[in-house]
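Following: one structure in structure tokens, then a few remarks.
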Amino acid sequence: MQTPPASPKLSGNNAVSDRRIGLILGGYIELINVLGVGAYGTVYQARNVVTGALYAVKALEKAGLDPRQRKFQEREIELHYLASQHDSVVSMHKVIDSLDCTFVVLEYCPEGDLFSKITEEGHYVEDDAKARQVFLQILRAVQYCHDQSIFHRDLKPENILVKDNGFTVKLADFGLATRDPLTSDFGCGSTFYMSPECQDTNPHPMACYQSAANDVWSLGVILVNLTCGRNPWKRASLEDSTYKAFRKDPNFLKTILPITDECNDLLRRIFDLNPQTRISLPELIKRMERQPRLTRASTEPISPPYSPLVEQPVPQDPLFQNVQDCAFEPLPAPRYPAAQHVFNAHQLPPTPVSTPPASVHCTPQPTLYTSQVRPQAPCFPAPVAAYAPFQASWNRCGAYFSQFAAPQCHQPYWTFAH
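Heads up: the sequence shown runs through residues 1 to 418, numbered per the UniProt record's numbering.
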């Protein structure tokens, strides 16, 4: 399966969107309001003129599309329809084709997306039961997709819609989905949520990676979003200082997040660098069902930032050169007083917002949200027993192998200065 093509440039899109207000589709679905405008088209709020039921209608423009782009539009509709048989996937009610546009009639979720629920309303943080319930819904939706040989490849809170005051979630936006269990579409998805193997900037000929394992990695980032209200790193790359720290010590997240030991162990399995040994989705579901507690109380101390097995640090480790910019990448602090005291112990004060990078080659879900990030925190070294970095590689069948993986102890460990 080829990489989805770049979005076409649509001229006068807002004017066209407004002109469709009042249009009746299929004799009974009236477009009543514009919810958002994206690269490929517009999402409308619509109403059944007979029953009064509300829908979201995704209008996929045909103008300016070449045959390849049109093929990917059709693939998105097909895969979403197949996946929508599951309760935790946005339902697809009807597809109406016209000369200039394809209208996809979808389930309406008036509360917006999971990102807004976390960052603007403060749901899930310090509410383990709710976070666990919602995460299990997401896991089961993705498992159903995988059982149908559908791999989402753009799992993130912005592509998960919410209902029932945040207790019900629905997976959406299959613009990057594929049926290929092995894919060579490197760099496909959203940077915060990409697995390391997906980001190979110089893949060798015939290189590929496992679509299912890539989805599992994205789910791990979403788990951190739900429980802690932040991202674990900007990208899972050695160019990212926080990810370097995690690669240095797999228990790094526990030293800066209010997560339980059990949750930390689960994240270690999810963020396994080797896709072959990374936790499978069925096992992840079983582990989550047996794990009622995800975060520590605010009065419980975080884990110590270094091991008692200390000696003189060895400063030559290339993994930790130039890490004065080491920082943990937060989502914005919620406007939610009950959770604020937990955040205060683990993150910096809020700063002005900035927008996250968009999905690569992805039809964006038009939602009303912004992403906030904070300035990077100062770091200081503390010696620990650890392992030297190694070069990770994936062969043409998506199998993982490592090179130059040799143990080396007592390297500097970087944590936050307070």
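Idealized CB from N, CA, C, for every residue including glycine.
From a predicted model like this one, the values you see are computed outputs, not experimental measurements.
At the level of alpha carbons, what is the spacing between Gly187 and Tyr243?
Rounded to whole angstroms, Gly187 to Tyr243 spans 17 Å at the Cα level.
Cβ-based burial, Val342 [other Cβ within 10 Å; buried from 16]:
Because the pLDDT of Val342 is 33, which lies under 50, any placement of that residue in the model is unreliable, and the number read from its coordinates should be weighed accordingly. When all chains shown are included, Val342 counts as buried.
For Leu294, which residues from the same chain have a beta carbon less than 7 Å from its beta carbon, with the 5 sequence-adjacent residues on both sides left out?
Asp128, Ala131, Arg132, Thr227, Ile259, Thr260 and Cys263
Check the C-beta distance from Lys156 over to Lys163 and give it rounded, since I have them as a contact under 8 Å.
Actually they are not in contact, since the Cβ atoms of Lys156 and Lys163 sit about 18 Å apart, beyond 8 Å.
Please state whether the Cβ-Cβ distance between Ala83 and Ala177 is less than 9 Å.
yes
Quick check: the Cα distance between Met194 and Leu23, rounded to an integer number of angstroms?
Rounded to the nearest angstrom, the two C-alpha atoms are 39 Å apart.
Completely contained alpha helix (DSSP H) runs for the stretch 100–128, where each covers 4 or more residues
114–119
Going by beta carbon distance, what residues of the same chain come within less than 8 Å of His93, once the five residues before and after it are set aside?
Tyr55, Val105, Leu106 and Glu107
Closest to Asn33 by C-alpha separation, out of Ala39, Thr42, Ile21 and Gly26, would be which residue?
For the residues Ala39, Thr42, Ile21 and Gly26, the minimum Cα distance to Asn33 belongs to Ile21.
In whole angstroms, give me the CA-to-CA distance for Ile118 and Gly64.
37 Å
CB of Gly41 within 9 Å of CB of Cys101, strictly:
yes
Can you give me the C-alpha to C-alpha distance between Asn231 and Val221, rounded to a whole angstrom?
Separation of Asn231 and Val221 (C-alpha to C-alpha, rounded to the nearest whole angstrom) is 7 Å.
Nearest to Gly38 (by Cα), restricted to the options Ser91, Arg47, Val57 and Ala53
Val57
In whole angstroms, give me the CA-to-CA distance for Ser184 and Asp265.
30 Å
Just the C-alpha distance for Ser17 and Arg269, rounded to the nearest angstrom, thanks.
46 Å
Reduced DSSP category for Cys326 - H, G, I as helix; E, B as strand; rest coil:
Here the model assigns Cys326 a pLDDT of 38, short of 50, so the residue's position is not dependable, and the following value carries that caveat. Reduced to three states, the DSSP call for Cys326 is coil.
Does Phe167 pass the burial test, meaning 16 or more other C-beta atoms within 10 Å, or should it be called exposed?
exposed
Would you mind reading off the limits of the alpha helix (DSSP H) that contains Asn214?
Ser211 to Cys228
Have a look at Trp233, Ser149 and Ile160 and flag the residue whose alpha-carbon is nearest the alpha-carbon of Glu111.
That would be Ile160, whose Cα lies nearest to the Cα of Glu111.
Go ahead and label His204 buried or exposed: buried means 16 or more other beta carbons lie within 10 angstroms of its beta carbon, across all protein chains shown.
Taking a 10 Å sphere around the C-beta of His204, we find fewer than 16 other C-beta atoms and assign the residue as exposed.
Mind checking Lys254: buried by the 16 CB within 10 Å criterion, or exposed?
buried
Status (buried if at least 16 other CB within 10 Å, exposed otherwise) for Met206
Residue burial annotation: Met206 is exposed, with fewer than 16 other C-beta atoms found within 10 angstroms of its C-beta.
In this structure, does DSSP put Arg290 in helix, strand or coil?
In the structure shown, Arg290 falls within a coil segment according to DSSP collapsed to helix, strand and coil.
Nearest neighbour of Gln148, chosen from Gln85, Thr51, Ile285 and Phe115 [CA to CA]
Gln85
Note the first and the last residue of the continuous alpha helix (DSSP H) segment covering Gln85.
Element bounds for Gln85: n/a, residue is neither H nor E.
When we look at the beta-carbon of Val49 and count the other beta-carbons within 10 Å, is it buried (16 or more) or exposed?
exposed
Which parts of the stretch 230–276 are runs of the alpha helix (DSSP H), unbroken and 4 residues or longer, counting only runs that do not cross its ends?
Every unbroken stretch of the alpha helix (DSSP H) spanning 4 or more residues and falling wholly within the stretch 230–276 is given here in chain order: 241–248, 252–256 and 261–270.
Suppose the cutoff is 6 Å on Cβ atoms and the five residues either side in sequence are ignored; what does the same chain contact list for Val200 look like?
Note that residue 200 is Asp in the sequence shown here, rather than Val. The residues are Phe186.
For Arg140, which residues in the same chain have their Cβ closer than 8 Å to its Cβ, ignoring the five residues on either side in sequence?
His86, Ser88 and Ile285
Would you mind giving the Cβ-Cβ distance between Arg19 and Glu30, rounded to the nearest angstrom? I have them listed as a contact below 8 Å.
Contact between Arg19 and Glu30 is absent: CB atoms are separated by about 14 Å, not below the 8 Å threshold.
Is DSSP giving Asp18 helix, strand or coil here?
helix
Are the CB atoms of Arg290 and Trp217 within a distance shorter than 9 Å?
no
Compute the distance between the beta-carbons of Gly189 and Asp154, then report whether it is under 9 Å.
yes
Would you call the CB atoms of Arg247 and Leu257 closer than 9 Å?
No; because the gap between Cβ atoms is not below 9 Å, this pair is not in contact.
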